[in-house]
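Below: one structure, written as structure tokens.
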Amino acid sequence: MQIIRDIAMLHRAVTALKQGGKSVALVPTMGALHDGHLSLVHMARRVADHAVVSIFVNPTQFGPNEDFAAYPRDEARDAALLVDAGTSLLWAPDVGTMYPGGHSTHIEVAELGADYCGAARPGHFDGVATVVAKLFNQVRPDIAIFGEKDWQQLAIIRRLARDLDFGIDILGAPIARDTDGLALSSRNAYLSGAQRAAAAAFPAALSMAAKAIAGGADVGETLAKAEAAIIRGGFDSVDYVALADADSLERLTAFRKPARLLAAARIGRTRLIDNWPVE
Ligand code: AMP
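Last residue of the sequence shown: 309 (the working numbering), numbering continuous.
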């Protein structure tokens, strides 16, 4: 696996990978890799000839009081996992390469980025969209793979690729979960033992609510019950539990397909997100 930090070298390396008509799938990450990320790499290897993974902790998608400085970083460990997963190339630019002095152009995500995590984290999706567009232009993959874990992000990236004519196929990968149902996340590392045990209440509440709504229960009441169950389970606050159109992300007050439960909740200083299909 090549580890590359320079854009001109990246272009040469990707051109070489593509020789003979070979395809490239990109998996963008912020590192601190877990089995969820690795499932995306495995998917990349199934759908393309080469898996390219990027690791970049993007400062512009963190708010001023968020965890940019504390975000876990261990490139040597990540690189070893990526070698085992069959990655061809690791793109690991530093902040100065991604945002050289004078960088002043960014993408603004309109309505898809306004609600849910966008409401709780102003500017977050503008930062995500801008860095993903830059990664697309840097790597020029045929395919890019994102996790369903970040459902709103996946919807925004699909729209970005279409709106700006990137000509890249965007694939969503299923959520990888721990045995107790908690979605794998780099941020789970922030949880104490007691918080980690309590966190299973989050997916449990979403799963119950999804079943109830699919079975015809009142949407407003079910969402309120889910919030209460998450708090009872040991969370300190709930940012949102919402029923959304799975594609447009429009809030739904009555069940119709395709629908997805979207949720974010805080336990201690850690903010966790999850989502669940309603079918
Ligand atoms: P991150 O490093 O958190 O920015 O995540 C990089 C990519 O991995 C994103 O497309 C995430 O949606 C995806 N991802 C993170 N956690 C999971 C998970 N538990 N299951 C599937 N994909 C995930």
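All C-beta atoms in this analysis are idealised placements derived from N, C-alpha and C, irrespective of residue type, glycine included.
For residue i, I'd like the list of residues in its chain whose CB is within less than 8 Å of its CB, leaving aside the five on either flank, ordered along the chain.
i	result
Glu178	Leu184, Gly202, Ala203, Pro204, Ile205 and Asn305
Gly250	Thr283
Glu280	Ala274
Ordered along the chain, which non-local residues of its own chain (more than five positions away) have a Cβ less than 7 Å from that of residue i?
i	result
Ala276	Pro288, Ala289 and Arg290
His136	Asp156 and Thr160
Ala230	Asp210, Gly211 and Leu212
Lys52	Asp79 and His80
Ala43	Gln32, Ile34 and Leu119
At what residues does the alpha helix (DSSP H) containing residue i begin and finish?
i	result
Thr160	His154 to Val169
Pro233	Ala231 to Ala244
Ala183	Per the sequence shown, the amino acid found at residue 183 is Gln instead of Ala. Element bounds for Gln183: Trp181 to Asp193.
Gln32	Segment Gln32 to Ile34 is the beta strand (DSSP E) holding Gln32; no alpha helix (DSSP H) there.
Leu302	No alpha helix (DSSP H) contains Leu302, which is instead part of the beta strand (DSSP E) from Thr300 to Val308.
Val249	Val249 to Arg262
Asp210	Unbroken run through Asp210: none, as it is neither H nor E.
Ile37	Ile37 to Leu47
Arg107	Glu105 to Asp114
Gly131	It is not in any alpha helix (DSSP H) - Gly131 carries neither H nor E in the DSSP assignment.
Gly223	Gly223 to Ala228
Gly148	Cys147 to Ala150
Specify, as a first and last residue, the run of the beta strand (DSSP E) that residue i falls within.
i	result
Ser84	His80 to Ile85
Leu291	Ala289 to Ile297
Ile200	Asp199 to Ala203
Asp65	First-last for Asp65: Asp65 to Val77, but that is the alpha helix (DSSP H), not the beta strand (DSSP E).
Leu119	Leu119 to Trp121
Ile173	Ile173 to Gly177
Ala272	Ser267 to Asp275
Val57	Val54 to Thr59
Is residue i near the ligand AMP, judged by its Cβ being under 7 Å from some heavy atom?
i	result
Thr160	no
Gly66	yes
Lys179	yes
Pro233	no
Pro307	no
Ile205	yes
Met31	no
Met60	yes
Ala213	yes
Ser216	yes
Phe86	no
Phe176	yes
By Cβ distance, which residues of its chain are closer than 6 Å to residue i, with the 5 residues on each side in sequence left out?
i	result
Ser84	Pro58, Trp121 and Leu165
Asn265	The sequence shown places Phe at residue 265, rather than the Asn named in the question. Contacts found: Ala295 and Ile297.
Phe196	Phe166
Using only the heavy atoms of the ligand ATP, determine whether one of them is closer than 7 Å to the beta carbon of residue i.
i	result
Ser69	This structure simply doesn't include the ligand ATP; it includes the ligand AMP instead.
### Query
With a cut-off of 8 Å, do at least 3 Cβ pairs link the stretch 77-95 to the stretch 46-65?
Of all C-beta pairs linking the stretch 77-95 to the stretch 46-65, three or more are shorter than 8 Å, placing the two stretches in contact.
### Message
Would the stretch 239-257 count as touching the stretch 106-114 if we require 3 or more Cβ pairs under 8 Å?
### Response
Under the three-pair Cβ rule at 8 Å, the stretch 239-257 does not count as touching the stretch 106-114.
### Message
With a threshold of 8 Å, are at least 3 pairs of Cβ atoms found where one atom belongs to the stretch 182-201 and the other to the stretch 137-153?
### Response
Touching, yes.
### Query
Contact between the stretch 68-78 and the stretch 31-39: three or more CB pairs below 8 Å?
Contact between the stretch 68-78 and the stretch 31-39 is absent, because fewer than three Cβ pairs lie under 8 Å.
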